[in-house]
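*Asks:* Before I ask anything, here is the structure I am working with.
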Amino acid sequence: MSAGILSSRLAFAFLLLATLCALLTPVESVKHGNFKTCDQSGFCKRNRAYADTASHLAHNWESPYKLDSSSITFHNGQLSAVVLKKIATSGEEVRLPLTVTFLESGTARVTLDEEKRQKGEIELRHDSQARKERYNEAEKWAIVGGLDVSMGAAVSADAPEGTTKVVYGPGGKFEAVITHAPLSLEFKRDGTSHIKFNERGLLNLEHWRPKIEKEKKEGEEAATEEADKDAGEDESTWWEESFGGNTDSKPRGPESVALDISFPGYEHVYGIPEHAGSLSLKETRGGEGAHSEPYRLYNADVFEYEMDSPMTLYGAIPFMQAHRKDSTVGVFWLNGAETWIDVVKSKSAANALSLGVAGHTDTQTHWFSESGLLDVFVFLGPEPKDVIKSYSELTGFTQLPQQFAIAYHQCRWNYVTDEDVMDVDRKFDKHDIPYDVIWLDIEYTHEKKYFTWDPLTFPKPKEMHAQLDQHDRKLVAIIDPHIKNTADYPIIDELKGKDLVAKTKEGKQYEGWCWPGSSYWVDCFNPAAITWWKSLFKYDKFVGSFPNTFIWNDMNEPSVFNGPETTMPKDNMHYGNWEHRDVHNINGLTFHNATYEAMLERKSGEVRRPFVLTRSFFSGSQRLGPMWTGDNQAKWDHLAASIPMVLNQNIAGYPFAGADVGGFFGNPEKDLLTRWYQAGIWYPFFRGHAHIDTRRREPFLVGSPYKELITQALRLRYALMPAWYTAFHEASVTGAPIVRPNYYVHPGDEKGFAVDDQLYFGSTGLLAKPVTTAGAESVDIYIADDETYFDYFDYTTYSGKGMHTIKAPLEKMPLLMQGGHIIPRRDRPRRSSGLMKFDPFTLVVVLDRAGSAEGSLYLDDGETFDYQQGAYIHRRFLFDTTTNALTSVDIATSGSKTAAYLKAIAKVRVEKVIFVGAPDAWADKTEVYVSEEGAKESQRRKKAGIAFHKGENGKTNYAIVRDPKVGIGKGWKIDLS
Numbered sequence: 003m004s005a006g007i008l009s010s011r012l013a014f015a016f017l018l019l020a021t022l023c024a025l026l027t028p029v030e031s032v033k034h035g036n037f038k039t040c041d042q043s044g045f046c047k048r049n050r051a052y053a054d055t056a057s058h059l060a061h062n063w064e065s066p067y068k069l070d071s072s073s074i075t076f077h078n079g080q081l082s083a084v085v086l087k088k089i090a091t092s093g094e095e096v097r098l099p100l101t102v103t104f105l106e107s108g109t110a111r112v113t114l115d116e117e118k119r120q121k122g123e124i125e126l127r128h129d130s131q132a133r134k135e136r137y138n139e140a141e142k143w144a145i146v147g148g149l150d151v152s153m154g155a156a157v158s159a160d161a162p163e164g165t166t167k168v169v170y171g172p173g174g175k176f177e178a179v180i181t182h183a184p185l186s187l188e189f190k191r192d193g194t195s196h197i198k199f200n201e202r203g204l205l206n207l208e209h210w211r212p213k214i215e216k217e218k219k220e221g222e223e224a225a226t227e228e229a230d231k232d233a234g235e236d237e238s239t240w241w242e243e244s245f246g247g248n249t250d251s252k253p254r255g256p257e258s259v260a261l262d263i264s265f266p267g268y269e270h271v272y273g274i275p276e277h278a279g280s281l282s283l284k285e286t287r288g289g290e291g292a293h294s295e296p297y298r299l300y301n302a303d304v305f306e307y308e309m310d311s312p313m314t315l316y317g318a319i320p321f322m323q324a325h326r327k328d329s330t331v332g333v334f335w336l337n338g339a340e341t342w343i344d345v346v347k348s349k350s351a352a353n354a355l356s357l358g359v360a361g362h363t364d365t366q367t368h369w370f371s372e373s374g375l376l377d378v379f380v381f382l383g384p385e386p387k388d389v390i391k392s393y394s395e396l397t398g399f400t401q402l403p404q405q406f407a408i409a410y411h412q413c414r415w416n417y418v419t420d421e422d423v424m425d426v427d428r429k430f431d432k433h434d435i436p437y438d439v440i441w442l443d444i445e446y447t448h449e450k451k452y453f454t455w456d457p458l459t460f461p462k463p464k465e466m467h468a469q470l471d472q473h474d475r476k477l478v479a480i481i482d483p484h485i486k487n488t489a490d491y492p493i494i495d496e497l498k499g500k501d502l503v504a505k506t507k508e509g510k511q512y513e514g515w516c517w518p519g520s521s522y523w524v525d526c527f528n529p530a531a532i533t534w535w536k537s538l539f540k541y542d543k544f545v546g547s548f549p550n551t552f553i554w555n556d557m558n559e560p561s562v563f564n565g566p567e568t569t570m571p572k573d574n575m576h577y578g579n580w581e582h583r584d585v586h587n588i589n590g591l592t593f594h595n596a597t598y599e600a601m602l603e604r605k606s607g608e609v610r611r612p613f614v615l616t617r618s619f620f621s622g623s624q625r626l627g628p629m630w631t632g633d634n635q636a637k638w639d640h641l642a643a644s645i646p647m648v649l650n651q652n653i654a655g656y657p658f659a660g661a662d663v664g665g666f667f668g669n670p671e672k673d674l675l676t677r678w679y680q681a682g683i684w685y686p687f688f689r690g691h692a693h694i695d696t697r698r699r700e701p702f703l704v705g706s707p708y709k710e711l712i713t714q715a716l717r718l719r720y721a722l723m724p725a726w727y728t729a730f731h732e733a734s735v736t737g738a739p740i741v742r743p744n745y746y747v748h749p750g751d752e753k754g755f756a757v758d759d760q761l762y763f764g765s766t767g768l769l770a771k772p773v774t775t776a777g778a779e780s781v782d783i784y785i786a787d788d789e790t791y792f793d794y795f796d797y798t799t800y801s802g803k804g805m806h807t808i809k810a811p812l813e814k815m816p817l818l819m820q821g822g823h824i825i826p827r828r829d830r831p832r833r834s835s836g837l838m839k840f841d842p843f844t845l846v847v848v849l850d851r852a853g854s855a856e857g858s859l860y861l862d863d864g865e866t867f868d869y870q871q872g873a874y875i876h877r878r879f880l881f882d883t884t885t886n887a888l889t890s891v892d893i894a895t896s897g898s899k900t901a902a903y904l905k906a907i908a909k910v911r912v913e914k915v916i917f918v919g920a921p922d923a924w925a926d927k928t929e930v931y932v933s934e935e936g937a938k939e940s941q942r943r944k945k946a947g948i949a950f951h952k953g954e955n956g957k958t959n960y961a962i963v964r965d966p967k968v969g970i971g972k973g974w975k976i977d978l979s
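Under the working numbering, residue 979 is the last one in the sequence shown; the count climbs by one each step, no gaps.
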């Protein structure tokens, strides 16, 4: 071995060791020097400077983009035209094709490209075939439907000169007004403007230009750079850019796209996860409490991320909503490259001379991505549910998971042996604590080689899986996209031999460093790589995996320890000859997708719904499985931040979200751990997780009273599993959030638009306010309406808009029930959710002020795809005060497998009905009449007992009907008249 090679390998070894030490040594906060600021990102700095120039010139600024009026055509719901960009220095005009497409859903899509570059017009990098066009395949990964074009959209004849107006949407209530010169687009609903493009003239598509080497005379360099800066044309990062010792070559030159998007009259904007901050996005350029940096979307492995920050995290969903009283609109910026977003709120004072004219706030946003198309979808609402549903129709509704996936998951880095796993499993049973899934981090593998088991520590995977299966439990094993580069490992030999690897800019197979050391990365943009990846999960290939084995994809940003910003160089190449810069934010989705498809094909004839957790995500990842918020810390502020972070995922179309319960880094005190479990039961994805260096903290280890309180919280989650599963079903067909912020439930309540520390659970009317501060004995919970609310546990009554103080000692979880809902649950404690499959139901009927209530239940086998052929029940429960009867009716059940499923659950019954808020008139009732469809003549009208309980000391009345002897899958009526 040459001295040079030895020196190089030693350097890599020391680098890896330093990286590992950094990752394993707790620090106080993120290392900011590892990640770019806007000033250190060339295209971000250029576009902010462009905005500053426009602002400085104010009325003298005119956008250099105009529509060629003679080029406009409109056909089958799509407007096509050419936009001309005038180059100030030369006077030349660049031609940019524009399309505005009007979709059947009422969504509009605006795309701006540039004409394809001709052969020879671009300097190709050595030994590669870099594409001579902008990246245009984001749609392939993110969009799965909703693109049907509206045949009802039409050009209006009454548009003012110099404009084109298209009327579209439901009832023709939407308008798109395109001003030709300078170019701008305005989207209206019912004649009122809601979204404006290029209102401030910040549209900037950096067109292709040839690279010209400029000769500089001695002493001219500084002056030239200053002139470029003044002109807003700083060329220093056009063709290459350096950061952290890495140089990013840019053979296509500058190609960012930018646009200002304004929301007139809207003070609150939400979305664009993932960031650790408030639900209502803060300003980034001025304003009270503003951030100094734009919000960044650039998927990265951010070690110990900080709170209240616009810094990038692990995933990117470029979907933003704007909300004001009784109106919600939104935009989806379809771009997979690094993206920054500035938020500014322009406030106008009330006009003192005009009675009744109040001041208002316009939110002005500025979006810029490093490459790709300008491709923006516009949603005009008018309600939050409309915007989220339209977005979800495009990118896909959330996966309907197996039932176990929404129960409790027990994880740490790492359970060290198979005996350790089995011992933890036994101790959960010994202490009567329910759980469904136990997880294995990377240490289960043989020397960090995926699809293997360590022969010394995990010699008995079959016995381990068999023990878990006794109580219908599952095991999740981690498999990451980096494949260890080592001898005697067939997986790496196949990967390299088949050439399914991400490439360097020279076209060579890219080698980097991650947990195994030297590694190669699977390029899942390549269809052949997906086909190969799917073969690895077959039971005869992944020996030691079984039907109750499921998968965790981590580090798929991708995380590269020796790469720039701990990820892959942007000038790397992917399948199709696209640069990594074009697809970076999509990369994690492609790997998640490959694993999802692999889990569908493990064995012929065995088709279960996959479970694959991902850390990195993009729009569309919700179709594939859950995400979590990454490496948080065992601190109270991280617990508090988890609530708005999970809410933000939910309103951004990715509801299957959670945070590591207890905090990944550090050792939580027992009060914090208990409060975190009490909060974590409201995460759709509910997993306890901890770092390898933390103390063991399984619930059975924490001692009394904490063990009992954590168990109490877990049992509440399990009791409400029918409601959770129903909420997941709703999300899977409408896109509705599973946990919901106040503005979504009460879109007309202006005081609640920024509330993000409490949540509504699905359509159940349950309102939870987790305790997230140390030593708290009470919480203030915000009620936005005039409906009556009841404490879930003791039926204490709360009513009236505003804040209400609820006692919340450590043993109390603040949870209210809004009147008017019916909540299904299963009250029998079990070891896992799978053992609850045929348990009876309890219905909690929470009467509203009018004495009515409504709810629903969705139920299927919780495992297969048979529900797609009708193997489910979907019941609507209604208590109507006019008839004084509770009824169960079928919402919609039909299919080839309906009858078989109904037969399988024929003995599953309702064992109890609790009426909360029962009227005093029921005090003398001792029995009710029950009738059930399909019953024998003699049993069509039968009696059941009812017990009335008088409310005292601020608590409401309640009544219990025990064992009405009705099937959960049938129609029936309980008559209290």
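Positions of the beta carbon are idealized from the N, C-alpha and C atoms, including for glycine.
Output the boundary residues of the alpha helix (DSSP H) element that contains residue 142.
*Replies:* From DSSP, the alpha helix (DSSP H) with residue 142 extends over 140–144.
*Asks:* So, is residue 7 buried or exposed, given that buried needs 16 or more other C-beta atoms within 10 angstroms?
*Replies:* Below a pLDDT of 50, predicted positions are generally treated as unreliable, and residue 7, at 38, falls in that range; no measurement from the model is reported.
*Asks:* Within a Cβ cutoff of 8 Å, which residues of the same chain sit near residue 347, ignoring the five residues on either side of it in sequence?
*Replies:* Closer than 8 Å at Cβ, skipping near neighbours: 269, 285, 289, 363, 364, 365 and 366.
*Asks:* Can you give the Cα-Cα distance for residue 615 and residue 237, rounded to whole angstroms?
*Replies:* Their Cα atoms are separated by approximately 42 Å.
*Asks:* Within 10 angstroms of the Cβ of residue 544, are there 16 or more other Cβ atoms? Answer buried if so, exposed if not.
*Replies:* Answer is buried; the Cβ neighbour count reaches 16.
*Asks:* Let me make sure I understand the geometry here. Which of 439, 495, 167 and 341 has the alpha-carbon closest to that of residue 451?
*Replies:* Nearest C-alpha to residue 451: 495.
*Asks:* Taking only runs that begin and end inside the segment 764–843, name each unbroken beta strand (DSSP E) of 3 or more residues, in chain order.
*Replies:* Segments of the beta strand (DSSP E) lying fully in the segment 764–843: 768–770, 780–785, 791–793, 804–809, 817–820 and 823–827.
*Asks:* So, at 8 Å on beta carbons, what are the nonlocal neighbours of residue 227 in its own chain, with the 5 sequence-adjacent residues on each side left out?
*Replies:* For residue 227, the predicted structure reports a pLDDT of 43, less than 50, and the residue's modelled location is therefore unreliable. The matter cannot be settled from this model.
*Asks:* For residue 767 versus residue 875, is the C-beta spacing smaller than 8 Å?
*Replies:* No; because the gap between Cβ atoms is not below 8 Å, this pair is not in contact.
*Asks:* Considering only C-alpha positions, which residue in the set 627, 52 and 81 is nearest to residue 403?
*Replies:* The shortest Cα separation from residue 403 among 627, 52 and 81 belongs to 627.
*Asks:* Please say whether residue 738 and residue 390 have beta carbons closer to each other than 8 Å?
*Replies:* Yes, they are a contact pair.
*Asks:* Under a Cβ-count criterion, where at least 16 other Cβ atoms within 10 Å of its own Cβ denotes burial, should residue 805 be classed as buried or exposed?
*Replies:* With fewer than 16 other Cβ atoms within 10 Å, it is exposed.
*Asks:* So what does DSSP say about residue 944, is it helix, strand or coil?
*Replies:* In this structure, residue 944 counts as strand in the three-state DSSP scheme.
*Asks:* Determine contact between the segment 314–331 and the segment 292–305, defined as no fewer than three beta-carbon pairs at a distance below 8 Å.
*Replies:* Judged by Cβ distances under 8 Å, the segment 314–331 makes contact with the segment 292–305, as three or more pairs qualify.
*Asks:* Would you check if the distance between the CB atom of residue 321 and the CB atom of residue 274 is smaller than 8 Å?
*Replies:* Contact: yes.
*Asks:* Leaving out five residues before and five after residue 241 in sequence, what residues of the same chain have Cβ atoms less than 7 Å from its Cβ?
*Replies:* Contacts found: 213, 252 and 255.
*Asks:* Counting pairs of beta carbons, one from the segment 559–570 and one from the segment 632–651, are three or more of them closer than 8 Å?
*Replies:* These segments do not touch.
*Asks:* Residue 185 by DSSP, collapsed to three states: which one?
*Replies:* Residue 185: coil per DSSP, three-state reduction.
*Asks:* Who are the near neighbours of residue 645 in its chain, counting only those whose CB is closer than 6 Å to its CB and skipping five residues on each side?
*Replies:* Closer than 6 Å at Cβ, skipping near neighbours: 759.
*Asks:* Would you say residue 958 and residue 799 are within 8 Å of each other, going by their C-beta atoms?
*Replies:* Contact flag set, yes.
*Asks:* Assess contact between the segment 816–830 and the segment 445–462, defined as three or more Cβ pairs (one per stretch) separated by less than 8 Å. Is contact present?
*Replies:* At 8 Å Cβ cutoff, the stretches do not touch.
*Asks:* What number of angstroms, rounded off, separates the C-alpha of residue 538 from the C-alpha of residue 518?
*Replies:* Near 19 Å, if we compare the C-alpha coordinates of residue 518 and residue 538.
*Asks:* Kindly list the residues whose CB is nearer than 7 Å to the CB of residue 810, restricted to its own chain and excluding five residues on each side of it in sequence; keep chain order.
*Replies:* So the qualifying residues of the chain are 773, 778, 779, 780, 781 and 816.
*Asks:* For residue 897, tell me which candidate among 889, 905, 890 and 869 has the shortest Cα-Cα distance.
*Replies:* For the residues 889, 905, 890 and 869, the minimum Cα distance to residue 897 belongs to 869.
*Asks:* Within the segment 365–443, note down every full beta strand (DSSP E) run reaching 3 residues or more, in order along the chain.
*Replies:* Qualifying beta strand (DSSP E) stretches, in chain order: 376–381, 410–412 and 439–442.
*Asks:* Which residue from 453, 84 and 438 puts its Cα closest to that of residue 445?
*Replies:* Checked all of 453, 84 and 438; the closest Cα to residue 445 is 453.
*Asks:* Would you report the Cα separation of residue 807 and residue 819, rounded to the nearest angstrom?
*Replies:* Those two C-alpha atoms are separated by around 15 Å.
*Asks:* How many angstroms separate the CA atom of residue 505 from the CA atom of residue 78?
*Replies:* So the alpha carbons of these two residues sit roughly 42 Å apart.
*Asks:* So for residue 130, helix, strand or coil by DSSP?
*Replies:* Any reading at residue 130 needs caution, since the residue's pLDDT is 46, under 50, leaving its predicted position unreliable; the model's value is listed next. Correct three-state label for residue 130: coil.
*Asks:* Quick check: the segment 412–419 against the segment 378–389, are there 3 or more CB pairs under 8 Å?
*Replies:* Contact between the segment 412–419 and the segment 378–389 is absent, because fewer than three Cβ pairs lie under 8 Å.
*Asks:* According to DSSP, which residues form a beta bridge with residue 629?
*Replies:* DSSP, once it has assigned bridges, lists 616 and 659 as partnering residue 629.
*Asks:* Within 10 angstroms of the Cβ of residue 449, are there 16 or more other Cβ atoms? Answer buried if so, exposed if not.
*Replies:* When all chains shown are included, residue 449 counts as exposed.
*Asks:* Residue 49: buried (16+ other C-beta within 10 angstroms of its C-beta) or exposed?
*Replies:* Residue 49 is buried by the Cβ-count criterion.
*Asks:* For residue 935, write down the residues that DSSP places opposite it in a beta bridge.
*Replies:* None; residue 935 has no bridge partner.
*Asks:* Would you call the segment 158–167 and the segment 180–191 in contact, with 3 or more CB pairs under 8 Å?
*Replies:* At 8 Å Cβ cutoff, the stretches touch.
*Asks:* Out of 86, 93, 849 and 661, state which residue places its alpha-carbon closest to the alpha-carbon of residue 277.
*Replies:* Considering only alpha carbons, the answer is 661.
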